[in-house]
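S.K.: If you scroll down you'll find the structure; I have some questions about it.
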Amino acid sequence: MAEETVWVRLFQTGPIPLDLSLELVSGQVHALVGPSGSGKTTILRSIAGLHRPDSGRIEVGGDVWFDSERSLHRPPETRSIGLV
-19 MAEETVWVRL FQTGPIPLDL SLELVSGQVH ALVGPSGSGK TTILRSIAGL
31 HRPDSGRIEV GGDVWFDSER SLHRPPETRS IGLV
């Protein structure tokens, strides 16, 4: 099975300030932890396409889902991801 990498780089000033760079490799277990209000849900919503950060890039397996420099934002229904 080919390894897929999720690469996330997000920046926003509010309502929850974020400055995040994250690389996740498939086949591993990952967890987002932090205090209430630290941006965990905002990060997950951004990856799922339910939130558009001020700037950044989200790439999954070489497929770009969000890129603020190119004004690219794939709609949530076209992303192969679920969020509960």
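In our numbering, the protein residues as written are -19 to 64. The beta carbon of each residue, even a glycine, is placed where N, CA and C say it ideally should be.
Does DSSP put residue 30 in a helix, in a strand, or in coil?
M.R.: DSSP places residue 30 in coil when its eight states are reduced to three.
S.K.: Let me know the alpha helix (DSSP H) ranges lying completely inside the segment -14 to 33, each 4 residues or longer, listed in chain order.
M.R.: Here the runs fully enclosed are 20 to 28.
S.K.: Measuring CB atoms only, is the segment 24 to 35 touching the segment -18 to -6, in the sense that at least three cross pairs come out at less than 8 Å?
M.R.: Flag = yes, the segment 24 to 35 and the segment -18 to -6 touch.
S.K.: Looking at the unbroken beta strand (DSSP E) that takes in residue 39, where does it start and where does it end?
M.R.: Segment 35 to 40, the beta strand (DSSP E) holding residue 39.
S.K.: Skipping 5 residues on each side, what residues in its chain have a beta carbon closer than 7 Å to that of residue -19?
M.R.: Confidence is the limiting factor: at residue -19 the pLDDT is only 47, short of 50, which leaves the residue's position unreliable and the question unanswerable from this model.
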